[in-house]
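Notes follow the structure.
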Ligand code: NAP
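Numbering (the numbering used here), first residue to last: 66 to 375.
Here it is, written out as structure tokens:
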């Protein structure tokens with residue numbers, strides 16, 4: 066992962082966000098704030114969802130200037146198109162818009178898995194005379210929809226760029242500057258490394274949380290378990306309230322890396338189970354000590370960079 070240092074401010078005319086939900090809406094909100102403060106110059110921010118409801122309230126609340134429920138129409142004069150839709154909706158959305166993009170437009174996304182997006186953009190947009198700069202903001206929450214948008218969601222958080230070969234340095238810089246205006250810190254990362262790292266640090270914990278909460282909820286006294294749950298369980302189980310469809314898309318799109326992380330974890334968990342059966346407290350304490358030291362170290366790093374621990 067390498068840091069990028071840039072100084073210019075973000076300027077564009079027409080920016081279209083297809084998929085104005087938690088992430089797309091938070092991006093719109095942060096850019097409107099930057100615009101109001103004179104830190105960026107954007108003529109028009111357009112939101113595009115399939116349903117009207119969220120779009121109307123987003124316009125009323127000043128997140129977007131215009132909206133459209135037709136993605137092909139929405140992108141016609143766009144200088145920048147950001148895809149904020151669930152990962153498995155990215156390919157169908159690219160198919161919808163590819164013949165309607167303005168020559169020279171920049172197409173980016175916010176998807177949590179990068180390899181399939183990079184592959185789809187390469188395959189579907191190679192003849193479209195546009196620049197592709199896939200991206201992933203490492204920020205979010207278990208909530209979804211534009212009503213959950215937060216103006217400071219990306220402040221002090223990391224955004225990973227995975228530009229496609231052939232994308233101009235200017236287009237990479239544009240997407241870099243756009244995210245920088247939200248308060249984010251920008252990095253470029255190899256696509257397969259991105260998907261492997263995120264499988265371990267984000268996708269696996271979500272899978273475990275969904276599985277644990279489901280197991281407990283299916284027990285006879287499931288609801289009593291939750292009633293007497295303490296802070297630790299509440300913190301860990303929070304992410305099991307995340308959107309099922311979004312996570313279905315993420316797990317299936319990053320299947321191999323998630324299975325690899327799951328196998329490694331399962332093997333270590335099996336060792337811990339055996340330690341417990343054998344009443345081998347010494348080995349258990351060794352594991353706990355190593356985990357505590359690693360967690361304390363990361364917490365310090367996060368404090369230094371001002372990032373939250375998620
Ligand atoms: P979200 O709140 O559910 O928003 C998704 C939006 O996309 C909705 O407004 C939805 O509106 C729209 N949409 C869905 N399918 C569409 C389609 N085919 N065409 C046009 N619009 C469509 O989801 P999110 O949490 O913002 O996540 C969006 C993306 O960000 C995902 O790719 C996810 O992997 C990534 N991401 C999420 C997080 C997180 O913590 N949530 C963090 C980083 C990255 P309609 O249904 O009305 O169309």
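Each residue gets a CB set at the ideal place from its N, CA and C atoms; glycine is no exception.
What separation, rounded to the nearest whole angstrom, lies between the Cα atoms of residue 290 and residue 303?
One-based indexing of the chain shown puts residue 290 at position 225. One-based indexing of the chain shown puts residue 303 at position 238. When rounded, the distance between both Cα atoms is 15 Å.
In terms of residue numbering, what span does the beta strand (DSSP E) encompassing residue 79 cover?
On the chain shown, residue 79 is found 14 positions in, with the first residue counted as 1. 76-83 is the extent of the beta strand (DSSP E) around residue 79.
Tell me whether the beta-carbon of residue 203 lies closer than 7 Å to the beta-carbon of residue 223.
The count along the chain shown starts at 1 and reaches residue 203 at position 138. The count along the chain shown starts at 1 and reaches residue 223 at position 158. In this structure, the beta-carbon distance from residue 203 to residue 223 falls below 7 Å.
If you run the structure through DSSP and keep just helix, strand and coil, what is residue 375?
Walking along the chain shown from the start, residue 375 turns up at place 310. Because residue 375 carries a pLDDT of 40, less than 50, the predicted location of this residue cannot be relied on, and no value is offered for it.
Enumerate in chain order the residues of its own chain whose CB-to-CB distance from residue 168 is below 7 Å, with the five nearest sequence positions on each side excluded.
By 1-based counting over the chain shown, the position of residue 168 is 103. For residue 168, the CB contacts under 7 Å within the same chain, skipping 5 residues up- and downstream, are 194 in chain order.
Tell me whether residue 348 counts as near the ligand NAP, meaning its Cβ is closer than 6 Å to at least one heavy atom of that ligand.
Your numbering for residue 348 matches position 283 in the chain shown. Remark: the shortest separation between the CB of residue 348 and any heavy atom of the ligand NAP does not fall under 6 Å.
Residue 199 - DSSP class collapsed to helix/strand/coil
Position 134 of the chain shown holds residue 199. It is coil, neither helix nor strand.
Select from 221, 327, 83 and 267 the residue whose C-alpha is nearest the C-alpha of residue 147.
One-based indexing of the chain shown puts residue 147 at position 82. Put simply, of 221, 327, 83 and 267 the residue whose alpha carbon is nearest the alpha carbon of residue 147 is 83.
Validate contact between the region 305-316 and the region 151-169 using beta carbons, cut 8 Å, 3 pairs:
Enough Cβ pairs lie closer than 8 Å, so yes.
In this structure, what does DSSP give as the bridge partners for residue 94?
Counting from one through the chain shown, the residue named residue 94 turns up at place 29. Paired residue(s): none; residue 94 is not in a bridge.
Flag this pair as yes or no: are the beta carbons of residue 126 and residue 85 separated by less than 7 Å?
Position 61 of the chain shown, counted from the first residue, corresponds to residue 126. Position 20 of the chain shown, counted from the first residue, corresponds to residue 85. It is not a contact, given that the beta carbons lie outside the stated cut-off.
Measuring only the C-alpha atoms, how far is residue 280 from residue 292?
Position 215 of the chain shown, counted from the start, is the residue given in the question as residue 280. Position 227 of the chain shown, counted from the start, is the residue given in the question as residue 292. Roughly 15 Å between the two C-alpha positions.
Please indicate yes or no: does the CB of residue 181 lie closer than 6 Å to some heavy atom of the ligand NAP?
The count along the chain shown starts at 1 and reaches residue 181 at position 116. No, Cβ of residue 181 sits at least 6 Å from all heavy atoms of the ligand NAP.
Anyone know if the C-beta pair for residue 80 and residue 129 falls short of 7 Å?
One-based indexing of the chain shown puts residue 80 at position 15. One-based indexing of the chain shown puts residue 129 at position 64. In this structure, residue 129 does not lie closer than 7 Å to residue 80 by Cβ.
Contact between the region 218-236 and the region 129-141 (3+ Cβ pairs under 8 Å):
Two segments are said to touch when three or more pairs of C-beta atoms, one from each, lie closer than 8 Å; by this definition the region 218-236 does not touch the region 129-141.
Starting from residue 317 and walking both ways along the alpha helix (DSSP H), at which residues does that stretch end?
Your numbering for residue 317 matches position 252 in the chain shown. In the DSSP assignment, residue 317 falls within the alpha helix (DSSP H) that extends over 309-318.
Under 8 Å by Cβ, that's how I've got residue 177 and residue 87 pegged, so tell me the actual separation to the nearest angstrom.
Looking up residue 177 in the chain shown gives position 112. Looking up residue 87 in the chain shown gives position 22. With a Cβ gap of about 12 Å, residue 177 and residue 87 do not count as contacting.
At 4 residues or longer, what runs of the alpha helix (DSSP H) sit wholly inside the region 233-277?
Listed in chain order, they are 234-245 and 256-263.
Take the Cβ of residue 271 as the centre, count every other Cβ of all protein chains shown within 10 Å, and call the residue buried at 16 or more, exposed below.
The sequence position of residue 271 within the chain shown is 206, counting from 1. Of the residues assessed, residue 271 falls on the buried side of the cut-off, its CB having 16 or more other CB atoms within 10 angstroms.
Which word fits residue 244, buried or exposed, when buried means at least 16 other C-beta atoms lie within 10 angstroms of its C-beta?
Within the chain shown, numbered from 1, the residue matching residue 244 stands at position 179. By the neighbour-count rule (16 or more Cβ atoms within 10 Å), residue 244 is buried.
Strictly by DSSP, which residues pair up with residue 132?
Start at 1 with the first residue of the chain shown, and residue 132 comes out as number 67. Per DSSP, 112.
Please go through the same chain and pick out, in chain order, the residues whose beta-carbon is closer than 7 Å to the beta-carbon of residue 274, but skip the five residues on each side of it.
To locate residue 274, count along the chain shown from 1; it is residue 209. Closer than 7 Å at Cβ, skipping near neighbours: 301, 302, 304 and 305.
Check: residue 245 C-beta below 6 Å from any heavy atom of the ligand COA
Because the ligand COA does not appear in the structure shown, any question about it cannot be addressed here, the ligands present being the ligand NAP.
Does any heavy atom of the ligand NAP sit closer than 6 Å to the C-beta of residue 110?
Start at 1 with the first residue of the chain shown, and residue 110 comes out as number 45. No, since every heavy atom of the ligand NAP falls outside the 6 Å radius drawn around the Cβ of residue 110.
Chain-order list of residues whose beta-carbon lies under 6 Å from that of residue 247 (same chain, five-residue window excluded)
Sequence index remark: in the chain shown, residue 247 carries index 182 (1-based). 95 and 219.
Going by the C-beta, is residue 150 closer than 6 Å to any heavy atom of the ligand NAP?
Along the chain shown, one-based indexing puts residue 150 at 85. Because some heavy atom of the ligand NAP lies under 6 Å away, the Cβ of residue 150 counts as near it: yes.
On the CB-based measure, 16 or more other CB atoms within 10 Å of its CB, does residue 170 come out buried or exposed?
Numbered from its first residue, the chain shown carries residue 170 at position 105. Label assigned to residue 170: buried.
Any idea if residue 352 is buried or exposed, counting beta-carbon neighbours within 10 angstroms, 16 or more meaning buried?
In the chain shown, residue 352 corresponds to position 287, counting from 1. Looking at its Cβ environment, which holds fewer than 16 other Cβ atoms inside 10 Å, residue 352 is exposed.
Measuring CA to CA, which of 199, 73 and 162 is closest to residue 135?
Translated into positions along the chain shown, residue 135 becomes position 70. Ranked by Cα distance from residue 135, the first of 199, 73 and 162 is 162.
What are the boundary residues of the beta strand (DSSP E) that residue 171 is part of?
The sequence position of residue 171 within the chain shown is 106, counting from 1. Run containing residue 171: 171-174, per the beta strand (DSSP E) assignment.
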